[in-house]
Amino acid sequence: MGLFETLRFRVLPYWKTYILVLLPLILLPLPVIGQGKEARAGYVIIIMALYWMTEALPLAVTSLLPVVLFPLLGIMSTGKVCTAYMKETNMMFIGGLMVALTIEHCNLHKRIALRVLLLVGASPRWLMLGFMLTTMFLSMWISNTATTAMMVPIVEAVVQELFKDGDEEMKRDPNVRMVPDGMSTCSSNNTLEIDLDSSEGVSQNLEAVSIDSIADVGKSCQELTSPTDQSDGLCVNMRKCFLLSVAYSANIGGTGTSIGSGTNLVLKGVFKELYGSAPGLNFASWMAFNVPGMLINTFLAWIWLQCLFLGFKRTSADANAQAAVVKKLIRTKYEELGPMTFHELATLVLFILCVALWFFRDPQFITGWAEFVPAVEVDDATAVMTIVLLLFIIPAKPKFWNCHTGERNEGPSPALLEWKLVQDRLPWGIVLLLGGGFALSDASKASGLSSWLGDQLAVLSFLPPFAIMLIICIMTAAITEVASNTATANVLLPILAEMAVTIKVNPLFLMLPATVTCSYAFMLPVATPPNAIVFAAGKMNPVDMVKAGLLMNIVCVVVICLLMASFGSFIFGFDEFPDWALPQVKNATMTTLSQFSNCTSP
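In terms of my numbering, the sequence shown opens at residue 1173 and continues consecutively.
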């Protein structure tokens, strides 16, 4: 057996095992020779970063390594490490996911999506804008994966309607399937039929697997469609265009709020751990800065995808007829949802109340409601958990509502949200991933590793702050294409915080754009779960994603950097080094001087 065959059959199938076993042994000289907490902490962080990138272990399992390694290496006690896994940010994340699960459970998100599509029009370019706006808005509040899984069947049904013969379209049963039958010009004889209503089941499946391996998401999405006949180039291009628009807007929409993605919550947690209740970063200021950038990037993505796939030709009479048929389809699907139920209405009211509590807790331009409790600090987790408790208390089908609608309800009504749904659908792995990141941040600070890395990076201080920020965003965009977004933020943000203090710029000037850039992963199917979903659903060529995603990566990085240098200064005050960052430098200096004095005193 030759070398190539040996590598192929005996080495490559077990490459994760080799990384899992050999990596700690190869890096072992680092803590042995280093002989300091900084070296030992760096040893753990490098191992976890490479495990996260290669997924030698599931992401959530790798996140548990600090509980084992930090106490055994003398970096932090077990109790202090464990507290990192259930901080206020983690509680806010869990509460936000529960609210999102309620929205999905009552199909409120589907009602919103179909309603928006009815409003924007039914021509291809306006339909694409409708898909993007809907996906963007929903991704601000619920999982990007769930949003994309819900939108894909709707996109597929619309594409099939656009490429059906006009006469046949008007006769077709409105219960349209996601995969076309033999009459479609973009079909195959061997298809797997999935109704629009199946998106909820697809969402559950994807939520379950996206924690352990992003690659598993793409593998599971193979079930969405079977290979399509690509003889009709226009149909194929339109499907690619629509599906990519959904993935892009899901990734971009996650940057709009501080709960939109795990990376945003990593920044919130790390920032609070390092700087306490420092002014500047809260739910209101996050939205004030990031929503304009989100809208700009979504609009530019809409223009770019039209240039790449659709062109800007005028609408023909046939196209108008097809648009009318598609609009009829969407209206039929919307009417099938029936009138708004009490479950949907109550969920909508509580969702709006939750956003209002987050926004007005500490808006800084007016007195926030949290200031009426001066004795203690009230944070966002308290607000969302208040709403969660109401979700578990309020019945989904109260008797007074059933009497009004004429329905008969025997026995007690279930609540708006039930624990079994939370137990089955909540991505507990991401909670561990966030906790592992916070443990890394705490260990970096406790061991002095962050300060050491910040000092080493001070050599970049000769560059303008804008150039440093641009370099960091480009590097982050490249890393996040092949590594978990949340894991990337966990590793980078503590380092950037120390680097900002070293070069005397506002830490948010480096940390915020790096966090947002973690969501700008458009080139590879494995970069994000939305990318994997549309890649598998559309049976795309990886070259298609790279060709479309490369420019989007560049555009989004440029936009966020320009906004930080202009609009960001107005929102966060980047003109001068903030006072709330100074105590961190002073405390570190005083600790070092105290240790030196103790060592030299007789």
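No residue lacks a Cβ here, since even glycine has one placed at the ideal position from N, Cα and C.
Residue i - containing alpha helix (DSSP H), residue span
i, result
"isoleucine 1538", "First-last for isoleucine 1538: undefined, no H or E at that position."
"glutamine 1595", "1591-1597"
"tryptophan 1187", "1187-1198"
"valine 1292", "1280-1292"
"leucine 1520", "1514-1531"
"leucine 1442", "Position check: residue 1442 holds valine in this sequence, whereas leucine was assumed. That run of the alpha helix (DSSP H) goes 1434-1447."
"cysteine 1733", "1714-1737"
"phenylalanine 1610", "1600-1619"
"asparagine 1454", "Here asparagine 1454 belongs to no alpha helix (DSSP H), and DSSP marks it neither H nor E."
"alanine 1669", "1657-1674"
"threonine 1648", "1637-1651"
"serine 1695", "Per the sequence presented here, residue 1695 reads as methionine, with serine not at that position. Methionine 1695 -> no alpha helix (DSSP H), and no H or E assigned at all."
"lysine 1252", "1250-1255"
"phenylalanine 1707", "1701-1709"
"glycine 1214", "1209-1226"
"proline 1296", "1296-1311"
"asparagine 1262", "1260-1277"
"valine 1233", "1231-1234"
"alanine 1203", "Sequence check: residue 1203 is proline here, not alanine. Note, proline 1203: alpha helix (DSSP H), 1201-1206."
"valine 1240", "1237-1244"
C-beta atoms of residue i and residue j nearer than 8 Å
i, j, result
"leucine 1696", "methionine 1683", "no"
"alanine 1555", "cysteine 1526", "yes"
"alanine 1568", "proline 1546", "no"
"leucine 1437", "phenylalanine 1634", "no"
"threonine 1234", "isoleucine 1191", "no"
"methionine 1641", "cysteine 1733", "yes"
"phenylalanine 1694", "phenylalanine 1746", "no"
"valine 1718", "valine 1418", "no"
"alanine 1221", "valine 1663", "yes"
"alanine 1709", "leucine 1501", "no"
"alanine 1285", "tryptophan 1313", "no"
"leucine 1310", "threonine 1317", "no"
"leucine 1735", "glycine 1465", "yes"
"leucine 1439", "threonine 1189", "no"
"asparagine 1423", "threonine 1660", "no"
"leucine 1231", "glycine 1601", "yes"
"leucine 1509", "arginine 1283", "yes"
"threonine 1674", "glycine 1609", "no"
"valine 1240", "cysteine 1254", "no"
"aspartate 1551", "glutamate 1260", "yes"
"glycine 1626", "methionine 1557", "no"
"lysine 1209", "serine 1619", "yes"
"methionine 1258", "glycine 1740", "no"
"serine 1449", "glutamate 1516", "no"
"leucine 1605", "glycine 1425", "no"
"leucine 1416", "leucine 1477", "yes"
Proximity winner among the options, relative to residue i (alpha-carbon distances)
i, options, result
"threonine 1274", "Gly1740, Ile1566, Phe1744", "Ile1566"
"serine 1613", "Ile1198, Leu1241, Val1442, Thr1558", "Val1442"
"phenylalanine 1303", "Leu1229, Ala1228, Tyr1420, Ala1211", "Tyr1420"
"asparagine 1703", "Ser1656, Leu1680, Leu1664", "Ser1656"
"alanine 1460", "Val1673, Thr1429, Val1729", "Thr1429"
"valine 1730", "Pro1685, Trp1752, Ser1741", "Pro1685"
"glycine 1268", "Ile1743, Phe1537, Val1603", "Val1603"
"leucine 1593", "Gly1607, Lys1571, Leu1563", "Leu1563"
"glutamate 1333", "Leu1416, Gly1483, Thr1504", "Thr1504"
"leucine 1299", "Ile1644, Val1497, Ile1643, Asn1725", "Val1497"
"valine 1463", "Ile1743, Ile1726, Glu1748", "Ile1743"
"valine 1170", "Ser1457, Gly1434, Leu1480", "Nothing can be reported for residue 1170: it is not among the residues displayed for the chain, which extend from 1173 to 1774."
"arginine 1411", "Asp1751, Ile1726, Asp1716", "Asp1716"
"asparagine 1725", "Pro1584, Pro1535, Ala1528, Asn1469", "Asn1469"
"tryptophan 1458", "Val1327, Ile1475, Trp1530", "Trp1530"
"valine 1698", "Lys1676, Gly1721, Ser1249, Phe1537", "Gly1721"
"valine 1193", "Pro1201, Tyr1223, Phe1749", "Tyr1223"
"alanine 1294", "Leu1632, Glu1653, Ser1616, Val1327", "Val1327"
"alanine 1737", "Asn1678, Leu1200, Gly1426", "Asn1678"
"proline 1750", "Leu1453, Thr1427, Leu1245, Glu1276", "Leu1453"
"cysteine 1278", "Ala1630, Leu1520, Lys1617, Pro1637", "Leu1520"
"lysine 1617", "Val1204, Gln1207, Gly1206, Ala1213", "Ala1213"
Sheet register partners of residue i (DSSP bridge)
i, result
"alanine 1587", "Pro1567"
Minimum Cβ-Cβ distance from residue i to chain B less than 8 Å
i, result
"arginine 1212", "Looking for chain B here will not work: only one protein chain is present."
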